[in-house]
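Read through the structure below, which is laid out as structure tokens, and then see the notes.
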Amino acid sequence: MSAILEVRDIDKHFDISGSIIDQIKFSGGKFNRKQTLVKAVNNVTLEVQPGETLSVVGESGCGKSTLARTVMGLYRPNKGEIHYKGARIDNLSSHQMRPYRTKMQMVFQDPYASLNPRMTVKQILEEPVRFHNPDLTRAEIQDKVAEVMLQVGVDPVWATNYPHEFSGGQRQRISIARALVVDPEFIAADEPIAALDVSIQAQILNLLMDAQDQRGLTYLFISHDLSVVEHISSRVVVMYLGCICELAPAKELFSNPKHPYTQALLSAIPKIGGSAGGHVKLSGDVPTPINLPTGCVFHGRCPHANERCIREIPKQEILANDVSVACHAVEEGRL
Amino acid sequence: MEPLIDIKNLCVDFELRSGTVRAVRDVSLTINKGERLGIVGESGAGKSVLGFSLINLISKPGKITGGEIIFNKQDIAKFKYDQMRKIRGNDISMIFQDPMMTLNPVLTIGTQMKETILAHMDVTDKEAEAICLDKLQKVYIPSPEKRLKQYPHEFSGGMRQRIVIAISLLTSPQLIIADEPTTALDVTIQAEIMDLLLELCKTENMGLILITHDLAVVSEVTQRIAVLYAGKIAELGDTEQIISNPQHPYTQGLLQALPQMADGEQRLNQIPGMMPSLLNMPMGCPFEPRCSESMEKCKTKIPTLTTLDNGTQVACFAREGGK
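Top line first, the protein sequences correspond to chains A and B. Our numbering applies: residue 920 is where the first sequence begins, and numbers increase by one. Our numbering applies: residue 553 is where the second sequence begins, and numbers increase by one.
Quick look at the structure:
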């Protein structure tokens, strides 16, 4: 089985140093130009198989949204390549990118912000169809939109309403419809349920899983909610400070986490009927992505770190059961 | 057990141009000394309004329009502004959701902490500082002397929330109301903060009202749970009972909607529809339009809380007959 999406060694850095005047600093008797870079994604390599749900988890600021946006071509990576079905897409112009846009769609976190408040639902949903299929007649476009609206559970009679007339859950259904309306193969969903209530979350998750069954979709699912991720994913990527710590099948990851960070993350999940107190405590805070730690990015907070972890960046090691872990302690068998 | 605060038939209304919204409807609830109570519900269920109304933080156009809040044998619902100030932040303190919004960005932590102490206690500046240091140590802030001189932006999110907790502890209150204290934080930090709150409640014998939408967090920290739906208590009882044996159809639906409870089933159990608008409430039970066990009676009559054999109180006609 060949991967639908391949991400090879990508880096995404953001320059936050401002204009050239802001960058110039006087030090040591001369003027220097110094850029401040936020290293949001570092050396990330992964493959997404057709039909699977690959989830990316991590704490805020770990680069999971940046990764999704880079994959979608909303950001250009500073290094590395992205291949969609074998064709390189990260260096295409926006015009060359257009055929891939119908294949790859995105659902955003906040349905209040991602729908244009001045467009009716009909306009929101018809625009992408018309843009990507200029040959379709008006009636065909309307049929297409009505079909997708029914599928996501929004009654087509509401098509002339504006987004503010819908509840949060309904709005998220509309943003999912907007992604589905161009018949994509791959959807990157960036925290699609984070802004919703528990009972509505279940509705949207069911909708996403139904759409996957009916259309054979592939998902890149970004979330910080680990119990949701455990439920819907086939494989899970754990990120910390822009780097991949562990990549494993969901069952394997949740039952037998290898990387010390994954272990800490999983033990922090509150459990229904569980008791507080048994959580693995991490010392310190997440370092800033401006000055990445040397060696393993996690070494400052890791209970198993040694001198090698401070010096050398760990590589992804493939273990049994398709688990891949970047940790010296696991590699050396110390853990 | 001695009751700490006794809420009787509390109603909170908001007078809007489009009509009167009753955000809290006839809520009766007792919290005992040193007890930890969770208030759960979805957004708009009135859980924050209920928490705020306990220390009269409801701002216009909201108003407490009925009921009593008995604290130390006095009805604090009828207290004037000045009387309430003596209790607020002193006997009852509050922790809010976003620590970046609750701390003043232009004052040092020390200034903000001392302000609270000097407002409520008759101590010198030196003594106030000693109290600050003591409380900062209690919430595990390293090198507190140095930290007192720093500003909120120099702390991480989790540290800031710990400082907010330290501030709420300054006057050794009997009750802390925590309104979604970890919603703005990451899961690892959430675990830390919740462990800390639980530990402090136990060592200081403080009461805690934990307002949250997260059933899992509530089940780990609290002893009793009140489930709020559209401003009314749907179910009230022991945490263990409610989690393992929920009675109200809404509580059952909420628990089954969690991916953790799916038991390997692919599809999650979803509650159809959404909470009714508080402006346009159904005549009978507020949950009736979404309820799978709805009866004729539910459409016209509002159920009241009845106590079942296991001690759980539930407001549902379907449970009244078959105790």
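Even glycine gets a Cβ: it sits at the ideal position worked out from N, Cα and C. All of these numbers come straight from a predicted model, not from anything done at the bench.
Counting only beta-carbon separations shorter than 8 Å, does residue i have a partner in chain B?
i: Ser1194 of chain A; result: yes
i: Asn1080 of chain A; result: no
i: His1083 of chain A; result: no
i: Gly948 of chain A; result: no
i: Ala1113 of chain A; result: no
i: Ala922 of chain A; result: no
i: Pro1030 of chain A; result: no
i: Gln1070 of chain A; result: no
i: Met1158 of chain A; result: no
i: Asp1204 of chain A; result: yes
i: Ile935 of chain A; result: no
i: Lys1177 of chain A; result: no
i: Ala1121 of chain A; result: yes
i: Glu1110 of chain A; result: no
i: Ser938 of chain A; result: no
Among all the DSSP beta bridges, which residues are the ones paired with residue i?
i: Pro1053 of chain A; result: Paired residue(s): none; Pro1053 of chain A is not in a bridge.
i: Phe623 of chain B; result: B:Ile557 and B:Gln626
i: Met1168 of chain A; result: The amino acid at residue 1168 of chain A is misidentified as Met; the sequence shows Pro. In DSSP, Pro1168 of chain A forms a bridge with A:Arg1154.
i: Gln1024 of chain A; result: A:Ile1106
i: Cys1162 of chain A; result: A:Tyr1159
i: Cys563 of chain B; result: B:Gly618
i: Glu925 of chain A; result: A:Glu966 and A:His1002
i: Leu749 of chain B; result: Note: Leu749 of chain B sits in no beta bridge, so no partner.
Mind checking if residue i is an interface residue toward chain A, Cβ cutoff 8 Å exclusive?
i: Leu760 of chain B; result: no
i: His705 of chain B; result: no
i: Leu830 of chain B; result: no
i: Thr535 of chain B; result: Since the displayed chain B opens at 553 and closes at 875, residue 535 of chain B lies outside it and no answer follows.
i: Val833 of chain B; result: Inspection of the sequence shows that residue 833 of chain B is occupied by Met rather than by Val. Not closer than 8 Å to any Cβ of chain A, the Cβ of Met833 of chain B fails to qualify, so no.
i: Met652 of chain B; result: no
i: Leu810 of chain B; result: yes
i: Gly603 of chain B; result: no
i: Gly789 of chain B; result: no
i: Val716 of chain B; result: no
i: Val769 of chain B; result: yes
i: Gly874 of chain B; result: Because the pLDDT of Gly874 of chain B is 48, which lies under 50, any placement of that residue in the model is unreliable, and the question is left without a value.
i: Gln742 of chain B; result: yes
i: Asp731 of chain B; result: no
i: Val573 of chain B; result: no
i: Asp766 of chain B; result: yes
i: Val739 of chain B; result: yes
i: Gly805 of chain B; result: yes
Within 10 angstroms of its Cβ, does residue i collect 16 or more other Cβ (buried), or is it exposed?
i: Leu1069 of chain A; result: exposed
i: Val658 of chain B; result: exposed
i: Phe950 of chain A; result: exposed
i: Asn561 of chain B; result: exposed
i: Val1076 of chain A; result: exposed
i: Asn608 of chain B; result: buried
i: Gly571 of chain B; result: exposed
i: Ile939 of chain A; result: exposed
i: Tyr633 of chain B; result: exposed
i: Thr852 of chain B; result: exposed
i: Lys599 of chain B; result: buried
i: Phe945 of chain A; result: exposed
i: Gln689 of chain B; result: exposed
i: Pro1053 of chain A; result: exposed
Pop quiz: residue i and residue j are said to be a contact at Cβ under 8 Å. What is the actual Cβ separation, rounded to whole angstroms?
i: Gly1272 of chain A; j: Ile929 of chain A; result: Because residue 1272 of chain A is not part of the residues shown, which for chain A are 920 to 1254, the question remains open.
i: Glu971 of chain A; j: Lys1022 of chain A; result: Actually they are not in contact, since the Cβ atoms of Glu971 of chain A and Lys1022 of chain A sit about 16 Å apart, beyond 8 Å.
i: Leu750 of chain B; j: Ile717 of chain B; result: That pair is no contact at about 12 Å.
i: Leu1211 of chain A; j: Lys931 of chain A; result: With 8 Å as the limit, Leu1211 of chain A and Lys931 of chain A do not qualify as a contact, their Cβ atoms being about 13 Å apart.
i: Cys684 of chain B; j: Gly619 of chain B; result: Incorrect: roughly 37 Å between the Cβ atoms, too far for contact.
i: Tyr1159 of chain A; j: Cys981 of chain A; result: 6 Å
Considering only residues of the same chain and omitting the five flanking positions on each side of residue i, which have a CB-CB separation below 6 Å?
i: Asn757 of chain B; result: Gly586
i: Thr734 of chain B; result: Gln742 and Ile745
i: Leu721 of chain B; result: Lys687
Counting only the same chain and skipping the five closest in sequence on each side, list residues whose C-beta sits under 8 Å from that of residue i.
i: Asn584 of chain B; result: Met553, Glu554, Pro555, Leu556 and Gly759
i: Ile1043 of chain A; result: Leu1034, Asn1035, Pro1082, Ile1093 and Arg1097
i: Val1071 of chain A; result: Arg1092, Ile1093, Ile1095, Ala1096, Leu1099, Leu1126 and Ala1130
For residue i, collect the residues of the same chain with a Cβ closer than 7 Å to its Cβ; drop the 5 residues on either side in sequence, then sort them by chain order.
i: Arg1227 of chain A; result: His1247
i: Pro1047 of chain A; result: Arg1097, Val1100 and Val1101
i: Pro838 of chain B; result: Tyr781, Ala782, Lys784 and Pro828
i: Gln954 of chain A; result: Asp934, Ser936 and Gln942
i: Leu986 of chain A; result: Val960, Val963 and Val975
i: Arg871 of chain B; result: Gln799 and Leu860
So that I know if they touch, is there some Cβ in chain D lying closer than 8 Å to that of residue i?
i: Met991 of chain A; result: Considering every chain present, this structure includes no chain D. Its protein chains are A and B.
For a test of your reading of the model: does the CB of residue i fall under 7 Å from any non-hydrogen atom of the ligand MN? Yes or no.
i: Ser708 of chain B; result: The ligand MN is not part of this structure, which contains no ligands at all.
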